[in-house]
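Take a look at the structure set out below.
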Amino acid sequence: MSKYSAIAPAERLPEWLRRPIGKASDLEAVQAQVKQNRLHTICEEGRCPNRGECYAAGTATFLLGGSICTRSCAFCQVEKGRAPMPLDQAEAERVADAVASLGLRYVVLTAVARDDLADHGAALFTSTMASIRQRNPLIGIEVLTPDFWGGFADEQRAVRAQRERLSTVLSAQPACFNHNLETVQRLQGEVRRGATYQRSLGLLASARELAPSIPTKSGLMLGLGETHEEVIAAMRDLRAADCQRLTLGQYLRPSLAHIPVARYWTPEEFDALAVVARELGFAQVRSGPLVRSSYHAAD
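The C-terminal position of the sequence shown is numbered 310 in the working numbering, with every residue numbered one higher than the one before it.
Structure, rendered in structure tokens:
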């Protein structure tokens, strides 16, 4: 049982976080394809509040590697477990079929953490990108990856392995490389079990070094107990890693088993943070209560 299960929400959901789910026809079309092709999307698994808007705009985020994650992050709705599903060798083709059937123009590929695999799931991204491009080479494909860390006790070997897995993904030339920092440095251990602040920053910096023509992107959830100063510090650290794109959004608690919301940041506060982010040098910024990693990704 989660240690959070008895903790009730601190306050009612503010009006600015309540929005319609979107047109039923847009939702049903994507959901039917996902079900028919036995796929997973983070839009549905994570109960994203923007999925209707994104579907209508011709974008979707597919979740690769099954529906069970080997990490146990305190914020995430995706199912956790030490025995993830066996790899589905036909998954890439089925994702490509769904993309073609839906007429999507921009696709985001993410994956559950697969620490059980030698490449930590790097090949999941490359095989799916190849399958999509075989059908339509003009579709934009963004990747949102885990940190690719693990497998070696020796730090130097672990760093080399991370870079090799990252190189595999970047060699497929995604339109954007995304890896989320998720929260400020002080809260990493509580929020991102199995990941660390420095490893994520290192991954983003390595992506810029290995493939300088591919823009990098990261995101932060607000409302977990961070201060304004800590958010600014995290943005500065991301810029020091030469991260070009940033998303800032409000954390919404998926269930009572997840870490509670400490507070709701206002739209005005998100607007003010966007100004600071642009001053720090981010080329693209999406900041708002309902912004998520893939929000307006095609832009």
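Just so you know, even glycine gets a beta-carbon here, dropped at the ideal spot from N, CA and C.
Asked                                                                                                                      : Found
Secondary structure of L267, DSSP reduced to three states                                                                  : coil
Local Cβ density within 10 Å of L149, reported as buried at 16 or more and exposed below that                              : exposed
Alpha-carbon spacing of L24 relative to V242, whole angstroms                                                              : 22 Å
Whole runs of the beta strand (DSSP E) within the segment 94-139, excluding any shorter than 3 residues                    : 117-122
Three-way DSSP call (helix, strand, coil) for G230 in this model                                                           : strand
S304 to Q167 span [Cα, whole Å]                                                                                            : 30 Å
Beta carbon of A122 nearer than 7 Å to that of L75                                                                         : yes
Euclidean distance between Cα positions of Q255 and R210                                                                   : 18 Å
Simplified DSSP state of L214, which is helix, strand or coil                                                              : helix
Cβ shell of G299 (< 6 Å), same chain only, five flanking positions each side left out                                      : F281
Extent of the continuous alpha helix (DSSP H) to which V302 belongs                                                        : No alpha helix (DSSP H) holds V302; DSSP gives it neither H nor E.
Span of the alpha helix (DSSP H) around E175                                                                               : E166 to L181
Identity of the residues DSSP links to E220 by a beta bridge                                                               : BP columns for E220 are empty, so no partner.
CB contact flag (T139, L120, <7 Å)                                                                                         : yes
Closest by C-alpha distance to C171, when choosing among D99, L221 and A109                                                : Strictly speaking, residue 171 in this sequence is Arg, with Cys absent from that position. It is L221.
Pairwise C-alpha distance: A169 and D127                                                                                   : 15 Å
Simplified DSSP assignment, three categories, for A288                                                                     : helix
Collapsed DSSP secondary structure at V272 in the structure displayed                                                      : coil
Burial state of G77 (16 or more Cβ within 10 Å)                                                                            : buried
Integer-rounded CB distance, given that A129 should sit under 8 Å from L177                                                : That belief does not hold up - the Cβ atoms of L177 and A129 are roughly 14 Å apart, past 8 Å.
Nearest-angstrom Cα separation, counted from R197 out to A288                                                              : 20 Å
Beta-ladder partner(s) of E312, from DSSP                                                                                  : No answer is possible for residue 312: the residues shown for the chain start at 12 and end at 310.
Beta-carbon contacts of F293 that lie in its chain and below 6 Å, excluding the five residues immediately before and after : L257
Cα-Cα separation between L235 and V302, rounded to whole angstroms                                                         : 16 Å
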